[in-house]
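Going down the list, the protein sequences come from chains A and B.
Take the first sequence: its position 13, counted from the start at 1, is 13 in the working numbering, and no numbers get skipped.
Take the second sequence: its position 131, counted from the start at 1, is 197 in the working numbering, and no numbers get skipped.
Built from N, CA and C at the ideal position, the CB exists for glycine as well.
Predicted model, so just to flag it, every value in this text is computed and none were measured.
Quick notes on the structure that follows.
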Amino acid sequence: MKQNEATWERITRVVIGVALIGFGFASLGGIGGAVLGAIGLVLLATGVVGTCPIYAALKFSTKPTT
Amino acid sequence: MTTGHLSYFWAPWCTRCTAVSPVVSSVAQSNDLTVEMIDVEQSPDEARRRRVFGVPTIIATAPDGSTYRRSGSLTDTDLQRLADFAIGDGSGRPPINLDEGLRLAAGVALAGIGIVSSTIGLTALGVLLAFASVANRLRRDRYPSS
């Protein structure tokens, strides 16, 4: 898949994703923690890969074209 | 010191090669690099000399003569990393890039959180992610061009 996220966005997604995973799974626990952790996993995965499926569906991109 | 360049080995029957060729030319042009397009059907001796056993294969040669190669599927990121190596200071290794850095940082952070909270799943995920960043580094070319 073509990358559609800018560098700043990828780093932000990874940082927030790791924070949510840590807080959700490791700290909060329970269903709420699992939900937060799952959201964190999605953010982490899209940040690492550099492609957001929602962006792709909307034909949107924050990645500079040059 | 000579300038770096790219060598792209392709074959007319390889559809993947045909699709990637214009991207290789574009990356070389935008990075001010020369690229030699070598048809392995026309130049089998050159492919054999450079130990190219499959197509597409791209070999990046840095100004000091050191080389890195990548065979098989080539993403835009792979091509740019090879181009960066070819125009770099020839220190012998391509620079770590954002993909690798993010994977490594995320993997280490997850593994650390997993260890601290005794969550085996998180630790395993973190270790896998960190390993993927290291394993995905470009392979050093064991077959020098000369």
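Query raised in the report: TRP76/B lies in the beta strand (DSSP E); which residues open and close that run?
Result: Numbered from 1 along the second sequence, position 10 holds the residue referred to as residue 76/B. Looking at the DSSP string, the run of the beta strand (DSSP E) that includes TRP76/B is 71-76.
Requested in this report: Name, going along the chain, the residues of the region 84-111 of chain B whose beta-carbon falls closer than 9 angstroms to a beta-carbon of chain A.
Outcome: Of all residues in the region 84-111 of chain B, none comes within less than 9 angstroms of chain A when Cβ atoms are compared.
**Report entry** Residues near THR62/A by beta carbon distance below 6 angstroms, same chain, minus five either side
**Finding:** Looking up residue 62/A in the first sequence gives position 62. These residues qualify, in order along the chain: GLU5, ALA6, GLU9.
Query raised in the report: Residue ranges of each beta strand (DSSP E) run of no fewer than 3 residues wholly in the region 109-163 of chain B, ordered along the chain?
Result: Counting only runs of 3+ residues, the beta strand (DSSP E) found wholly inside the region 109-163 of chain B occupies 123-127, 133-137, in chain order.
Query raised in the report: Which of the three DSSP states, helix, strand or coil, is assigned to VAL106/B?
Result: Against the second sequence, residue 106/B aligns to sequence position 40. Annotated three-state conformation of VAL106/B is coil, per DSSP.
Query raised in the report: Under three-state DSSP, which class holds THR185/B?
Result: As a first step, residue 185/B must be located in the second sequence, where it is residue number 119. Coil, per DSSP.
Query raised in the report: Between GLU107/B, VAL90/B, ASP105/B, VAL106/B, which lies nearest to LEU99/B when the distance is taken from Cα to Cα?
Result: Start at 1 with the first residue of the second sequence, and residue 99/B comes out as number 33. With distances taken between Cα atoms, LEU99/B lies closest to VAL90/B.
Query raised in the report: Between the C-alpha atoms of TRP76/B and GLY29/A, what's the straight-line distance to the nearest angstrom?
Result: Within the second sequence, the letter at position 10 stands for residue 76/B. Within the first sequence, the letter at position 29 stands for residue 29/A. Annotation: TRP76/B to GLY29/A spans about 53 angstroms, alpha carbon to alpha carbon.
Query raised in the report: With a CB to CB cut of under 8 angstroms and the five nearest residues on each side skipped, what residues in its chain are close to LEU43/A?
Result: Reading the first sequence from its first residue, position 43 is the one you call residue 43/A. Cβ neighbours of LEU43/A within its own chain (closer than 8 angstroms, five residues either side excluded): ARG13, VAL14, ILE16, GLY17, LEU20.
Query raised in the report: From what residue to what residue does the alpha helix (DSSP H) around TRP9/A run?
Result: The sequence position of residue 9/A within the first sequence is 9, counting from 1. Position check: residue 9/A holds Glu in this sequence, whereas Trp was assumed. For GLU9/A, the enclosing alpha helix (DSSP H) has its first and last residue at 7-21.
Query raised in the report: Quick one: what's got a C-beta closer than 8 angstroms to GLY192/B's C-beta in the same chain, skipping five residues either side?
Result: In the second sequence, the residue the question calls residue 192/B occupies position 126. In chain order, ALA172, GLY173, VAL174, ALA175, LEU176, ALA177, GLY178, ILE179, GLY180 place their CB closer than 8 angstroms to the CB of GLY192/B, counting only its own chain and leaving out the 5 sequence neighbours on each side.
Query - Beta bridge counterpart(s) of TYR100/B as assigned by DSSP - result: The sequence position of residue 100/B within the second sequence is 34, counting from 1. Before going further, note that residue 100/B is Thr rather than Tyr in the sequence given. DSSP output for THR100/B lists HIS71/B as bridge partner(s).
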